[in-house]
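Trainee: Quick one: this structure, given as structure tokens, is what I'll be asking you about.
Protein chains: 2
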Amino acid sequence: MLIGRIKRLLLGEPLSNQMASHERIPKWKALAVMSSDALSSTAYATEEILLPLAAFAAMSTVWSLPICLAISALLVIVTTSYLQTIEAYPGGGGAYTVAKENLGVGAGLIAGAALLIDYVLTVSVSVAAGMANMDAAFPFLREHREIFCALVIFLIMIMNLRGIRESATVFAIPTYFFIGSFLLMLAVGAWKVLSGQVLDVAPVMNNMYPEISIFLILRAFSSGCAALSGVEAISNGVSTFREPSARNAKITLAWMAGILCVLFIGMTLLAHNFGIIPKEGETVVSSLARSIFGTTPMYFVIQIATALILFLAANTAYTGFPSLASLLAKDRYLPRQLASLGDRLVFSNGIFGLSVCGAALIYLFDGDVHKLIPLYAVGVFLSFTLSQSGMVRFHWRERQKGWISSLIINAAGALTTCIVLVVVSVTKFSHGAWMVILILPLVMIFFSKIHHHYLAVGKELSLIGVQAPGNLSKLHHTVVVPISGIHRGVIDALRYAISISDDVRAVYIEIDPDATERVKVEWNKWAHEVPFVVLKSPYRSVVRPLLEYIDDLEQSTHDDMLTIIIPEFVTYKWYYNLLHNQTAFMIRTALLFKRRKVVTSVRYHLHG
Amino acid sequence: MLIGRIKRLLLGEPLSNQMASHERIPKWKALAVMSSDALSSTAYATEEILLPLAAFAAMSTVWSLPICLAISALLVIVTTSYLQTIEAYPGGGGAYTVAKENLGVGAGLIAGAALLIDYVLTVSVSVAAGMANMDAAFPFLREHREIFCALVIFLIMIMNLRGIRESATVFAIPTYFFIGSFLLMLAVGAWKVLSGQVLDVAPVMNNMYPEISIFLILRAFSSGCAALSGVEAISNGVSTFREPSARNAKITLAWMAGILCVLFIGMTLLAHNFGIIPKEGETVVSSLARSIFGTTPMYFVIQIATALILFLAANTAYTGFPSLASLLAKDRYLPRQLASLGDRLVFSNGIFGLSVCGAALIYLFDGDVHKLIPLYAVGVFLSFTLSQSGMVRFHWRERQKGWISSLIINAAGALTTCIVLVVVSVTKFSHGAWMVILILPLVMIFFSKIHHHYLAVGKELSLIGVQAPGNLSKLHHTVVVPISGIHRGVIDALRYAISISDDVRAVYIEIDPDATERVKVEWNKWAHEVPFVVLKSPYRSVVRPLLEYIDDLEQSTHDDMLTIIIPEFVTYKWYYNLLHNQTAFMIRTALLFKRRKVVTSVRYHLHG
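Read top to bottom, the protein sequences are chains A and B.
Okay, so the first sequence: first residue is 728 according to my numbering, each after it adds one.
Okay, so the second sequence: first residue is 728 according to my numbering, each after it adds one.
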């Protein structure tokens, strides 16, 4: 099959179950795969802080410095909190698991819903921000931005469908490339500032703090909090680390937080010193790189490195979303198709679903990062708060060695992130946070409907408590064969029918009485032993008289089952099937919701 | 069912076969239904003549007068020709029938293809021109023109799906309203011209004929030939007239031609005298009506009448397209779904298909009449030529009373329309006629592929020449029941299986060996008499091991048939089915093209 071959070419050969345990990765690769989301936020967090400040007045952008420091402090608190989580949940302690086990199912589902939404936003925001940086360097890409975004998502999807170990190798290089080139930019920029070469390029800058409203500062702070998204990725994915996995995960998390702080504070400081103000069509990263390097090859290196890490940040979500969806599916809160591994040992349906949702959001928000960011932080801090609160309960209950200090750390984390959650919800409400606040309960209702359904089905099909009868009993069933004439396909269907039941009736729908007579003559020649029933159809419908006949038959025979055998023919090329009346399909559909009916197609295979 | 109720509300109750013969209409209604296409072309034919002339020089528009007279002469010739056709083919002599019966199948199919294309163009051009006239009067409609066009097509479709007699009553009033209001406009305009009131409004006009190229004149002529589209409608639809249908049809055709000439010549004369030059955003009808009446209520009456007749012109195609498609389908050149009457005694599939194609063309050509017109005339004159040539052969062969004069008339018609066909193809080639010239052979290939397929299938299924065996023989078949565990649905499927064959095997796909052991224990309790086969699946696929097993089984048993019984459950609400693994569907699809397999679903109906 062509589709099968394309699939093999893109995704590789199926992997057998025995290969599953090898799919674990070392620290340096894990840092690349799991921290690209957090690190890449450096590319837009500074810009998001500057935007509301600059919209008020250019000189108020000096406030970005204390705001950046506050967010960095928040990062340290959250990171320290998550180190405790990794310790307590070496099997991978996502907010869903932690909240569910410690605060109850309801809290777990809220966290799960928040995380699912955020994973989708990670894909959209990162890819859109990546394209924005490509646009700044290569303006000809701007016209079809959405299409390029969709293409990037498609490529990431394909790589993830191939499997995580292969992705890690592909993705490690660009992450280190980004860290290296950004550190170089910060170093060159710092040297230029310290050697006094930038005094003339930043005339509007001074270090006076103009008086602005607390609300504006909080709004800028809320926007900048996007920098914290993705911090939880490592603690969710502890189980993909090599042994000792908890220890390796903690070391990786600490490294990530350190690098993130350096890049974020460095970016914000330099943006201030170089007098960068956000402007239409150019990202802050692009402006800064241009100020430091001019439009030299090094400028393009920075832009490409930024775009690449942002595209890889989208990849973080591909580690988290499918495995969270699988957990929720195993707990029967999501469709069970999301629970099972595909033939490359990855959760293929989750990967596919995430890609579709991410691309849809980019399309709906015109691929504009600034429109997407306000939706982001609510979910991030909601899951932080629930996860840390869960950890507090965990320590209180378990009282393992050193539990008091761990409890204090997690309590501080929970309190801080809860305050930030309120701040973000209030200051960003009208900018889009309302959408997340609206969608969250809808997702919860969706979970609950699915859960209820699976439980009901399980109960209904269950044989628990039923006495086994010892032997299976046969059923009595009548067979009805609707026919439109006599041909080879009908003969085959009739032979099959008399093989499976002693009571077979052929049913002919009469639309033209002359045709009926001709068919009757043929019938006596070929199949006289099967009763031939003629049904009149004044409205030219085939299905309606047949259904009425079946209902009557059921009343009179009191069978256990009624089998309807439809003679069908299958054309050699599938599209030729469109040229034939879809009667079999219509009969099947009409009987789909009727009880105690078996619909069987006996197919005659044509060469034409 | 909700869909059924909506259908009844829009389309009315089903009509029984007995009502078919009542669906015939009197002359005055037939004129309204069948001539709206021809009459409405007055609304754009003058404009299409003026456009190429005015694009060259404003003063060359005076050439529109002789061109209009030439086209009117052509109309008289074509009409006279068609009067012969009605006489010879009282059953309805469309170009397809006439060409096929007299010139052979190939010529018939060319005519049929040309007509089908033209019916679609009639819908697109008429609706787009109607909206252009509405736009001119009500500029706020302009922004979403395509959507309004689609809405109009939808309404016409619904009315036609209800049935032709009802449509005729609805459509008669606006046709006469158009004829009346246009005649009034022509009269008032003529009075203003004759009383010398327009000398100052038309300063650029004089009656000198500037020298312009023959090619330009021919191009203007070709554009104006759009006026002739729809002339054949009455001769195609003779059978929908009341008895004596041939006589009534001829009278109606003559009336239609007369009215068309008066309106077309009148329009062109007045447009010249009032100095109307086509301009962006305003139709010539609108300019003329505004010149004659000013922006008074009467102006709006003219615009609405014009738009209405154009919308009704689209309706002409709804009489012709579905019945031609049905003829072609009965001759097995189109899918057989187009051949049968729907439950309102109309060819529902053809009506639906025409609507979709018409709307698609409007979308593709931005709802612009001038872009669509060049595609129009090729098909019109191709079918005229073939139809008239066929009539020549008819008279030569049949030699009925007065055949010589009829032959001469039809020969003159064939010759004239053939010349026009060449002129139109050449002068409009680069403007869009090439598309039709390209698509025609593709449609022919489509016809031929379909025809070949139906003949091959008929031959393959046929029992002609086969000796009837006297009695139907039973088949031997093995039953395979794939199961994923044991529950009520599986028990039902097994009971059904042992009822229809003595050789039943249950097949279990092992993904987790521990689960297999648990299922085996249950199996011995519930269904020990059915052999339990375990298939290993290292790649977690359910379908692949099953197919391999079935192939092996087939090799070893030498059965006539193999039945695969799939235990399925049906949820109470259809969308809940999406929550379950679609294994049954996948198995069915995988076996679709395998011979000697019967796939049966035994369904367990859930309450949940």
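Beta carbons are placed, not taken as given, at the ideal position from N, Cα and C, and that holds for glycine.
Output yes if chain A places a C-beta closer than 9 Å to the C-beta of B:F1121; else output no.
Mentor: By one-based count along the second sequence, residue 1121 of chain B stands at place 394. Taking Cβ atoms only, chain A never reaches closer than 9 Å to B:F1121, which makes this a no.
Trainee: Among A:I906, A:Y846, A:E774, which one has its Cα closest to the Cα of A:K1006?
Mentor: Walking along the first sequence from the start, residue 1006 of chain A turns up at place 279. Nearest C-alpha to A:K1006: A:E774.
Trainee: Take A:L787 as the anchor and find which of A:I939, A:P1196, A:S762, A:A855 has the nearest alpha-carbon.
Mentor: Position 60 of the first sequence, counted from the first residue, corresponds to residue 787 of chain A. Here residue 787 of chain A turns out to be Ser, not Leu, going by the sequence shown. The option with the nearest alpha carbon to A:S787 is A:I939.
Trainee: Could you tell me whether the Cβ atoms of B:M886 and B:L1081 are closer together than 9 Å?
Mentor: Position 159 of the second sequence, counting from 1, holds the residue named residue 886 of chain B. Position 354 of the second sequence, counting from 1, holds the residue named residue 1081 of chain B. The Cβ-Cβ distance between B:M886 and B:L1081 does not fall below 9 Å.
Trainee: According to DSSP, B:P901 sits in a beta bridge with which residue or residues?
Mentor: Translated into the one-based positions of the second sequence, residue 901 of chain B becomes position 174. Looking at the DSSP output, B:P901 bridges to nothing.
Trainee: Against chain A, with Cβ distances strictly below 9 Å, would B:N860 count as a contact?
Mentor: Residue numbering aside, residue 860 of chain B sits at position 133 when the second sequence is read from its first letter. False, the Cβ-Cβ gap to chain A never drops below 9 Å.
Trainee: Starting from the beta carbon of A:A1195, find every residue of chain B whose beta carbon is closer than 7 Å, and list them in chain order.
Mentor: Numbered from its first residue, the first sequence carries residue 1195 of chain A at position 468. Result: K1252, W1253.
Trainee: Beta carbons nearer than 8 Å to chain A: which residues of the region 1211-1229 of chain B have them?
Mentor: Flagged, chain order: I1213, H1214, R1215, G1216, I1218, L1221, R1222, Y1223, I1225, S1226, I1227, S1228.
Trainee: Express the C-alpha separation of A:A1220 and A:D1287 in angstroms, rounding to a whole number.
Mentor: Stepping through the first sequence from its first residue, residue 1287 of chain A is reached at position 560. Stepping through the first sequence from its first residue, residue 1220 of chain A is reached at position 493. Between the alpha carbons of A:D1287 and A:A1220 lies a gap of roughly 22 Å.
Trainee: Mind listing the chain A neighbours of B:R1322? Cutoff is C-beta to C-beta under 7 Å, in chain order.
Mentor: Position 595 of the second sequence, counted from the start, is the residue given in the question as residue 1322 of chain B. Taking a Cβ-Cβ cut-off of 7 Å, the neighbours of B:R1322 in chain A comprise H1332, given in sequence order.
Trainee: Could you check what DSSP says for B:P930 in three-state terms: helix, strand or coil?
Mentor: Translated into the one-based positions of the second sequence, residue 930 of chain B becomes position 203. Unreliable positioning characterises B:P930 in this predicted model, as indicated by a pLDDT of 45, which lies under 50. A coordinate reading is not provided.
Trainee: Is it the case that the region 1020-1040 of chain A contacts the region 789-805 of chain A, given that we only count it when at least three CB pairs across the two stretches are under 8 Å?
Mentor: no
Trainee: Could you check where the beta strand (DSSP E) with A:V847 kicks off and where it finishes?
Mentor: Here residue 847 of chain A corresponds to residue number 120 of the first sequence, with the count starting at 1. A:V847: not part of any beta strand (DSSP E); member of the alpha helix (DSSP H) spanning 832-864, first to last residue.
Trainee: At a Cβ threshold of 9 Å, is A:V1325 touching chain B?
Mentor: One-based indexing of the first sequence puts residue 1325 of chain A at position 598. Interface residue, yes.
Trainee: Is the shortest distance between the beta-carbon of B:R1245 and the beta-carbons of chain A less than 9 Å?
Mentor: Counted from its first residue, the second sequence places residue 1245 of chain B at position 518. Cβ-Cβ to chain A under 9 Å: no for B:R1245.
Trainee: Applying a beta-carbon distance threshold of less than 8 Å, which residues of chain A neighbour B:F1296?
Mentor: Counted from its first residue, the second sequence places residue 1296 of chain B at position 569. Residues of chain A passing the Cβ test: V1184, L1188.
Trainee: Determine, for A:N887, whether the minimum Cβ-Cβ distance to residues of chain D falls below 9 Å.
Mentor: You won't find chain D in this structure, because its protein chains are A and B.
Trainee: To which residues of the same chain is A:V958 closer than 6 Å at the C-beta, ignoring the five residues directly before and after it?
Mentor: Position 231 of the first sequence, counted from the first residue, corresponds to residue 958 of chain A. So the list reads A765, V805, once near-sequence residues are dropped.
Trainee: Starting from B:F991, follow the alpha helix (DSSP H) in both directions and report where the run begins and ends.
Mentor: Numbered from its first residue, the second sequence carries residue 991 of chain B at position 264. Element bounds for B:F991: 972-1000.
Trainee: Could you pull out every residue in the same chain whose Cβ sits closer than 8 Å to the Cβ of A:L846, ignoring the five residues on either side in sequence?
Mentor: Stepping through the first sequence from its first residue, residue 846 of chain A is reached at position 119. The question names Leu, yet the displayed sequence has Tyr at residue 846 of chain A. Here the set comprises A1044, G1047, F1048, L1051, L1081.
Trainee: Taking one C-beta from the region 1170-1177 of chain A and one from the region 830-847 of chain A each time, how about it: are there three or more such pairs within less than 8 Å?
Mentor: yes
Trainee: Taking Cβ-Cβ distances shorter than 9 Å, what residues in chain B pair up with A:M786?
Mentor: Numbered from 1 along the first sequence, position 59 holds the residue referred to as residue 786 of chain A. Per Cβ cutoff of 9 Å: no residues; A:M786 is ~44 Å from chain B at best.
Trainee: Buried or exposed for A:A772, please, with buried defined as at least 16 other CB atoms from any protein chain shown within 10 angstroms of its CB.
Mentor: Within the first sequence, the letter at position 45 stands for residue 772 of chain A. Buried.
Trainee: Do B:V1107 and B:A841 have their C-beta atoms within less than 9 Å of each other?
Mentor: The residue given as residue 1107 of chain B occupies position 380 in the second sequence. The residue given as residue 841 of chain B occupies position 114 in the second sequence. With contacts defined by Cβ atoms closer than 9 Å, B:V1107 and B:A841 form a contacting pair.
Trainee: Is the beta carbon of B:L830 less than 9 Å from the beta carbon of B:G1117?
Mentor: As a working note, residue 830 of chain B is residue 103 in the second sequence. As a working note, residue 1117 of chain B is residue 390 in the second sequence. Yes, they are a contact pair.
Trainee: So B:E1256 contacts chain A; which residues on that side make the cut at Cβ distance below 9 Å?
Mentor: Counting from one through the second sequence, the residue named residue 1256 of chain B turns up at place 529. For a Cβ distance threshold of 9 Å, residue set N1198, L1199 of chain A lies close to B:E1256, ordered along the chain.
Trainee: Find the nearest neighbour of B:L1065 within the set A:S1114, A:L1306, A:A984, judged by alpha-carbon distance.
Mentor: Numbered from 1 along the second sequence, position 338 holds the residue referred to as residue 1065 of chain B. Cα-wise, what sits closest to B:L1065 is A:L1306.
Trainee: Using only the alpha-carbon positions, how far apart do A:R1267 and B:L1054 sit?
Mentor: Counted from its first residue, the first sequence places residue 1267 of chain A at position 540. Counted from its first residue, the second sequence places residue 1054 of chain B at position 327. The straight-line gap from Cα to Cα measures roughly 18 Å.
Trainee: Does any C-beta atom of chain A lie closer than 9 Å to the C-beta of B:I1277?
Mentor: The residue you call residue 1277 of chain B lines up with position 550 of the second sequence. Judged by the 9 Å Cβ criterion, B:I1277 is not in contact with chain A.
Trainee: Are at least three pairs of beta-carbons, each pair with one atom in the region 1141-1158 of chain B and one in the region 1276-1284 of chain A, less than 8 Å apart?
Mentor: no
Trainee: Residue ranges of each alpha helix (DSSP H) run of no fewer than 4 residues wholly in the region 1155-1221 of chain B, ordered along the chain?
Mentor: 1160-1188
Trainee: So what does DSSP say about A:I675, is it helix, strand or coil?
Mentor: The structure shown does not extend to residue 675 of chain A, since chain A is modelled only from 728 through 1335, so no value can be given for it.
Trainee: Among the residues of its own chain, which have a CB less than 6 Å from the CB of A:P930, if the five just before and after it don't count?
Mentor: For this step, residue 930 of chain A is matched to residue 203 along the first sequence. With a pLDDT of 46 at A:P930, under the threshold of 50, the predicted position of this residue should be treated as unreliable, and no value is reported.
Trainee: So the alpha helix (DSSP H) A:A1056 belongs to, where does it begin and stop?
Mentor: Position 329 of the first sequence, counted from the start, is the residue given in the question as residue 1056 of chain A. It spans 1024-1057 - the alpha helix (DSSP H) in which A:A1056 sits, taken as one unbroken run.
Trainee: Pull out every residue of the region 1282-1295 of chain A whose Cβ sits closer than 7 Å to any Cβ of chain B, in chain order.
Mentor: M1288
Trainee: State the beta-bridge partners of B:P1101 as determined by DSSP.
Mentor: Locating residue 1101 of chain B in the second sequence gives position 374, where the first residue counts as 1. In the DSSP output, where bridge partners are listed per residue, B:P1101 has none listed.
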